[in-house]
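The structure appears below as C-alpha cells.
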Ligand SMILES: Cc1cc2nc3c(=O)[nH]c(=O)nc-3n(C[C@H](O)[C@H](O)[C@H](O)COP(=O)(O)OP(=O)(O)OC[C@H]3O[C@@H](n4cnc5c(N)ncnc54)[C@H](O)[C@@H]3O)c2cc1C
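Numbering (this note's numbering), first residue to last: 403 to 859.
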C-alpha cells in the first residue's frame, strides 16, 4: 500500500526541508521524496580529512540573508568571516596587478566606462518589482535583449565589456549573451544590488559556516524525524479523485497536496497527469541552469597570505577566472576555491580530469606565482553533470522568458505547488532564497488545506 501524508514534497534541499519544517509545525503530516541518496541538494560537504571539510556547492552567506542566518543560528551552526585581508589580484589583458578595495588598478578610461555602465544597471535594477519583473518600466525592451547586447550599447570599450562578462560569469555561471537583461536586473535587485552580489565583506560572499553549509540541511533534516525518503526521484505526479499520487523509484506515495522544489527544468521532466497547462510546461522548456565546475586546490599552507594577498583573484584567461581563499577557520591547510564558469566550464567539462586540473593550476600560477603549482590535492565537482541539479548556481532566463512566462513560476496548478530558490523574490538563486521559498510555499499550502476555497485560483 502507498505511504500517505497530507503533503508530499519533492526535493530535500533547503527549500523542501524548510517547507517540511513549517508544515509539520502547523500540524500537517508530510513526506519528503528526495532523488539523491542524501539531503541538501545544491549544498554538499566533502571531507578532506583531519575533521575538516570543503563545500562543493553553496557556501557563503551575506548581509540581508536573514532567513539563512536565522536558520543556521537555530541549528547552532556559527559563521566565520571569509578571509578578506590583503591585496586582490587582477590578471587582465596579459598583465598582472594587485589592488585593495573594490576598484582595480586599470586604465582610468576603462574604469570610468565600467563605472557608468554599472551605475546605469543598478538604477534600472531598483525599478524592477520583485514580485512581477514583467511589470518593470520598459520590461519588454529590457527582456528582448541580452546582457551582452545591452553592454555593447552601454559601454565604449571592449575591456569594460570583458569586466562585465567576468561579473556575469561569477554571478550566473553564464555568458552575458545567455542572459536576458531583465533577468540580470531582477537578480541584482533580488540580492540588493549587482555590487552586493559580487562583494565579499558587505556582500554575498561575506561569511562561511563552521563545519560547512551542508550542516544546515543535515541538522534541519534530522530535526524532522523519519519523514524523508531518499533515492526516491519523483517521475510521475497524478492528480485524480481529490488526491495526488507521486510515483518514485522507491514506490508510490499519496497526499492531498504536493510541493515540487526541484529547479524548473527538472520539475518539467516529471510526467504529470493530467498534463500541466501549456504556459507552465513552456516555462520549464525555457529554464536552463548555469554552467559551473567548482574546484578546491589544497596547499600545505595559505602561502599567498605571506605575500600580502587575500587569495581573491580574477582574470580574463583560461581555467579559473574567479578565485577565493577557502581555507578552514584555523588557516590550515591552505585552500584556494577556483571557479570554472560559463564557456570555460562548457569547454573544460568535455576534457579529461588531468586537462582540467592543469588548466586550473595554470591559472592559479598566473595569479599567485610558481608556488601555486605545488598543490597537494585538487578536488572538483562539475555541476553540469549532476543529474539532479543539471548545473548551477541556479536557473537563468534568456530573452523573453520573464515577460512571457514569469507568471507561471509560482502559480500553483491545482494541488501542485512550486518552490525552490528560483521562485523566491528575495535572494533568488541563493540559499536564503531557497529558505524563503520554503516558507512561502508552506504558508500557501496551509491556506489551501485549511481554506480550500480561498486558495483556489
Ligand atoms: C557550486 C555552487 C555554489 C553556490 N554558491 C552559493 C553561495 O555561496 N551562497 C548561496 O547562498 N548560494 C549558493 N549556491 C546556490 C544554492 O546552493 C542554492 O540556491 C540552494 O541550495 C538551492 O536550494 P533549493 O532547495 O531551492 O534547491 P536544491 O538544493 O537544488 O534542492 C532540490 C532538491 O530536489 C531534488 N530533486 C530534483 N529532482 C527531483 C525529483 N524529480 N524528485 C525528487 N527530488 C528531486 C534534488 O536532488 C535536490 O535535493 C551555490 C550553488 C552551487 C551548486
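Using N, Cα and C, we set each Cβ at its ideal position, and we do this for glycine too.
Look at residue 497: its beta carbon is at least 7 Å from all of the heavy atoms in ligand 1. The three-state reading of DSSP puts residue 772 in helix, counting H, G and I together. Per DSSP, residue 689 is not a residue of any beta strand (DSSP E), being assigned neither H nor E. For residue 820, the enclosing beta strand (DSSP E) starts and ends at 818 to 820. Within 7 Å of the C-beta of residue 806 there is not a single heavy atom belonging to ligand 1. Look at residue 604 here: in three-state DSSP terms it is coil, with no helix or strand label.
Straight across, the Cα-Cα distance linking residue 792 with residue 695 is about 12 Å. If you keep only unbroken beta strand (DSSP E) runs of at least 3 residues inside the region 590 to 663, you get 609 to 611, 636 to 642, 645 to 650, 653 to 657, 659 to 662. Measuring C-alpha to C-alpha distances from residue 454 to each of 558, 465, 730 identifies 730 as the nearest.
The bridge partners DSSP lists for residue 498 are 493. Looking at the DSSP output, residue 696 sits in a beta bridge with 741, 783. In the displayed model, residue 803 falls within coil according to three-state DSSP, outside both helix and strand.
The beta strand (DSSP E) runs lying completely inside the region 435 to 491 and spanning 3 residues or more are 447 to 451, 454 to 457, 481 to 483, given in chain order. With contacts defined as CB atoms closer than 8 Å, residue 538 and residue 530 qualify as a contacting pair. In this structure, 506 is the residue among 425, 506, 807 with its C-alpha nearest to the C-alpha of residue 717.
Residue 642 counts as exposed, since fewer than 16 other beta carbons sit within 10 angstroms of its beta carbon. In this structure, the alpha-carbon of residue 807 lies about 12 Å from that of residue 679. Taking the C-beta atoms as reference points, residue 412 is found nearer than 8 Å to residue 636. In this structure, residue 833 has its beta carbon less than 7 Å from a heavy atom of ligand 1. Residues 559, 561, 562 of the same chain have their beta carbon placed closer than 6 Å to that of residue 512, with the five preceding and five following residues left out of the count. Secondary structure note for residue 835: its alpha helix (DSSP H) is the uninterrupted segment 833 to 852.
Judged by beta-carbon spacing, residue 777 lies beyond the 8 Å limit of residue 693, meaning their Cβ atoms are not closer than that value. Taking the C-beta atoms as reference points, residue 661 is found no nearer than 8 Å to residue 639.
For residue 578, the CB contacts under 7 Å within the same chain, skipping 5 residues up- and downstream, are 548, 549, 550, 553, 566, 567, 570 in chain order.
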